[in-house]
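Asks: First the structure, then my questions, so here it is.
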Amino acid sequence: MTKPRVFGPVGPAGNWRLNAVVERHDDHAIALGFADAADLIVEHWVHRGPNDLLFEPLVFNHRHALELVLKAAIRECGARLRAEGHRDAKVDRAAIDDWLAREARHNLHRLTTRLDGLLTRLGEEKLPPETHSALISIHELDPTGETFRYAKVRAANGTFVDAPRPLLSKPDDLQAHVDIVAMHEHFRSAFNLLSGGVMSALENIAEFQAAMAREADW
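Here the numbering used here is used: the first residue of the sequence shown is 17, the next is one more, and so on.
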């Protein structure tokens, strides 16, 4: 019996528009995909009616998009500082990767603080208060990146317990109500600032540094 091609293209008579073009994307590109997925969830909700089971995927998509773009910006800040001649451990490529994997992990507060410090070293402005507010609000709801992914999580003693549900703060709380459009706009605005603002500024710095390097070689 022939196994189905799960990851193959559509057949010769199929609709080629149903093919996904799979490439090697960096963290920023992957973040854009998660942010776009959040847009689609809200669009589906608004135009086709509510589906409460989409709340967790919506928040997770936003959270993961923000985490990835923060990590991408931190790595790019390190690259720009190295291009300026900095050689300390805080901007070393391997050291940054190790810090992201071992210390920062999924902690948006740590990532935000680290990015602010690196932006300051580059002579750029820190993230604005409204972006901080969005990042901290989702961090406080989900400090480990597990709240909106699982119903059960492993506790410190190795046992499995109910995942935290910060919106249901009391044991007898059964429901909470959230304006998903307002929430979505809050998180999307923060993502746009990081993706379109910070990352674009870092790209401009990279282009300037490359131009200066070419002039130095003449």
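Note that the Cβ used here is the ideal one computed from N, Cα and C, for glycine as well.
#1: Using a threshold of 8 Å, state whether the C-beta atoms of histidine 193 and threonine 160 are closer than that.
#2: Quick check on lysine 106: does DSSP put it in helix, strand or coil?
#3: Start and end of the beta strand (DSSP E) containing lysine 260?
#4: Between the beta-carbon of valine 58 and the beta-carbon of leucine 48, is there less than 8 Å?
#5: Can you list, in chain order, the residues of its chain whose CB lies under 8 Å from that of threonine 136, leaving out five sequence neighbours each side?
#6: When the distance is taken between beta carbons, is isoleucine 90 closer than 8 Å to leucine 70?
#7: What does the alpha-carbon distance come out to for the pair alanine 179 and glutamine 225?
#8: Using only alpha-carbon positions, find the residue among Thr163, Glu201 and Leu34 that is nearest to leucine 183.
#9: Let me check one thing: in DSSP terms, what residues is valine 177 bridge-paired to?
#10: Take phenylalanine 207 and list the residues in its own chain whose beta-carbon comes closer than 8 Å to its own, dropping the five residues that flank it on each side.
#11: To the nearest angstrom, how far is the alpha carbon of arginine 165 from that of glutamate 140?
#12: Between which two residues does the alpha helix (DSSP H) harbouring lysine 87 extend?
#13: List the endpoints of the continuous alpha helix (DSSP H) containing valine 214.
#14: Run through DSSP, which three-state label would serine 153 get?
#15: Of the choices Cys93, Val37, Gly27 and Arg181, whose alpha-carbon is the least far from that of leucine 218?
#16: Can you tell me whether DSSP reads glycine 161 as helix, strand or coil?
#17: In the DSSP assignment, find the unbroken alpha helix (DSSP H) run with phenylalanine 207 in it and report its ends.
#18: Given a threshold of 16 other Cβ atoms within 10 Å of its Cβ, counted over all protein chains shown, does leucine 127 qualify as buried or as exposed?
Replies: The structure says:
#1: No. Outside cutoff.
#2: The answer is coil: DSSP assigns lysine 106 none of H, G, I, E or B.
#3: Lying before the first or after the last residue shown, residue 260 is absent from the chain, which here runs from 17 to 234.
#4: In terms of Cβ geometry, valine 58 and leucine 48 do not form a close pair [threshold 8 Å].
#5: Cβ neighbours of threonine 136 within its own chain (closer than 8 Å, five residues either side excluded): Lys142.
#6: For leucine 70 and isoleucine 90, no; Cβs fall outside 8 Å.
#7: Each residue's CA atom was taken as its position, placing alanine 179 and glutamine 225 some 46 Å apart.
#8: Nearest neighbour of leucine 183 by Cα position, chosen from Thr163, Glu201 and Leu34, turns out to be Thr163.
#9: Valine 177 pairs with Val169.
#10: Sequence-distant partners of phenylalanine 207 (beyond 5 residues in either direction) whose C-beta falls short of 8 Å from its own C-beta, in its chain, are Ala47, Ala51, His78, Ala81, Leu82 and Val85.
#11: If I take the Cα positions, the gap works out to 35 Å.
#12: For lysine 87, the enclosing alpha helix (DSSP H) has its first and last residue at 71-99.
#13: Taken as a continuous stretch (DSSP letters only), valine 214 belongs to no alpha helix (DSSP H), as it is neither H nor E.
#14: In this structure, serine 153 counts as helix in the three-state DSSP scheme.
#15: The candidate whose alpha carbon is nearest that of leucine 218 is Cys93.
#16: It is coil, neither helix nor strand.
#17: 196-208 is the span of the alpha helix (DSSP H), which, as asked, contains phenylalanine 207.
#18: With 16 or more neighbouring CB atoms inside 10 Å of its own CB, leucine 127 falls in the buried class.
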